[in-house]
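In the working numbering, the protein residues as written are 235 to 320.
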């Protein structure tokens, strides 16, 4: 199983999904649609927008119990988000 990094997200660039750091998502792809690399649900990036990634977090637009990157709500069974972006 691939280890998922909570410090990354996917951004849609010219119709293709690209895995990037949260820093890069904010600085280079601020207007792009972003999704969780684990469940593919839409996310936003929260935290300090200047400086290093310390403090930046990914937040799902809609809660989902099948995402292992959200340990506080994870049910233990990984699944795609009900509104997964493809």
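Using N, Cα and C, we set each Cβ at its ideal position, and we do this for glycine too.
Computed from a prediction, not measured in an experiment: that's the story for all the values here.
- Counted as a single uninterrupted DSSP element, the stretch harbouring residue 299 is not any beta strand (DSSP E), since DSSP gives it neither H nor E.
- Annotation: residue 313 to residue 268 spans about 18 Å, alpha carbon to alpha carbon.
- By the 16-neighbour rule on beta-carbons within 10 angstroms, residue 244 is buried.
- Taken through DSSP and simplified to helix, strand or coil, residue 248 comes out as coil.
- For residue 277, the uninterrupted beta strand (DSSP E) run begins and ends at 277 to 280, by DSSP.
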